[in-house]
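Numbers 1 to 222, taken from our numbering, label the letters of the sequence shown in order.
C-beta atoms are modelled at their ideal positions from N, C-alpha and C, and glycine is treated no differently.
Computed from a prediction, not measured in an experiment: that's the story for all the values here.
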Amino acid sequence: MLTDKILSTKAKQKYYHPELREDETGNSIYAYGWDVMKTSRNTRRVWHNGSNNVFYADFYRFIDENVTIILMTNKWQNSFIDTGRVISNIIFDPNYEPVVPIADNAANRAFTDEIVKLTSEKGLNAALESHKKRNKKIDLLENVINAKGYDLIKEKKLKEAIEIFKLNVFAFPKSANAFDSLGETYLEAGDRKSAIENYKKSLLLNPENENAREVIKRLEGK
Numbered sequence: 001m002l003t004d005k006i007l008s009t010k011a012k013q014k015y016y017h018p019e020l021r022e023d024e025t026g027n028s029i030y031a032y033g034w035d036v037m038k039t040s041r042n043t044r045r046v047w048h049n050g051s052n053n054v055f056y057a058d059f060y061r062f063i064d065e066n067v068t069i070i071l072m073t074n075k076w077q078n079s080f081i082d083t084g085r086v087i088s089n090i091i092f093d094p095n096y097e098p099v100v101p102i103a104d105n106a107a108n109r110a111f112t113d114e115i116v117k118l119t120s121e122k123g124l125n126a127a128l129e130s131h132k133k134r135n136k137k138i139d140l141l142e143n144v145i146n147a148k149g150y151d152l153i154k155e156k157k158l159k160e161a162i163e164i165f166k167l168n169v170f171a172f173p174k175s176a177n178a179f180d181s182l183g184e185t186y187l188e189a190g191d192r193k194s195a196i197e198n199y200k201k202s203l204l205l206n207p208e209n210e211n212a213r214e215v216i217k218r219l220e221g222k
């Protein structure tokens, strides 16, 4: 792929450079088969993944830096989705400290379901109080909370969704995705100030979150 033996220079131009499709507006990040973005280091990252909820594959290629990361697993789970980004941060940022994910097991799922239900029925403060008194060997699962929040968005229960996503950012204050989801929900609810605030926190945690960057620009009129 670094030479013209497989693809010509013209073909690679299409392969690696995004182009607007019909009915698209704004800046496209999608080329032929790949998501192509600039990193915070001003280099190109080519990325894509795929899953059938059993098998999962992820592919990160940093063309300008001669680094390729390929991940595959035959035991798919949500906590694996961010692994490529974590590995790339380890490679490129000497100060980066990865967070070890919480085990996705029956005990943690049951506890997460309990706390989510408590948040919905009695409010966030009651849930946080219960979380504080938990057995320290048991903890919340970010992806389970996130999924419940999006279920509530689909049901147009935005106030309840915001409380669920607040729970997630409390439990996972270093998660760019948790703040991104909370920002998205505030925006859906019409609270632009809170949306911007949380998108900025997401971008601070993950400078490559182009979605957050674009939303902030649009909301601030830049």
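| Asked | Found |
| --- | --- |
| Buried or exposed (CB count within 10 angstroms, at least 16 for buried), residue 96 | exposed |
| One or two residues paired with residue 37 in a DSSP bridge | 45 |
| The region 195 to 204 in contact with the region 166 to 184 per 3-pair CB rule at 8 Å | yes |
| Residue environment, residue 153, which counts as buried when at least 16 other CB atoms sit within 10 Å | buried |
| Residue(s) in a DSSP beta bridge with residue 61 | 46, 68 |
| Residue 51, DSSP secondary structure in three states | strand |
| DSSP state of residue 73 mapped onto helix, strand, coil | strand |
| Segment contact, 8 Å Cβ cut-off, at least three pairs: the region 140 to 147 with the region 99 to 113 | yes |
| Strand pairing of residue 96, partner residues [DSSP] | Its beta-bridge partners do not exist; DSSP assigns none. |
| Alpha helix (DSSP H) segment containing residue 19, residue limits | From DSSP, residue 19 is part of no alpha helix (DSSP H); its letter is neither H nor E. |
| Simplified DSSP assignment, three categories, for residue 32 | coil |
| Residues bridged to residue 56 (per DSSP) | 51, 73 |
| Backbone secondary structure at residue 134 - three-state DSSP | coil |
| Alpha carbon of residue 20 to alpha carbon of residue 88, nearest angstrom | 28 Å |
| Spatial distance of residue 132 from residue 125 (CA atoms) | 11 Å |
| Where residue 190 falls: helix, strand or coil (DSSP) | coil |
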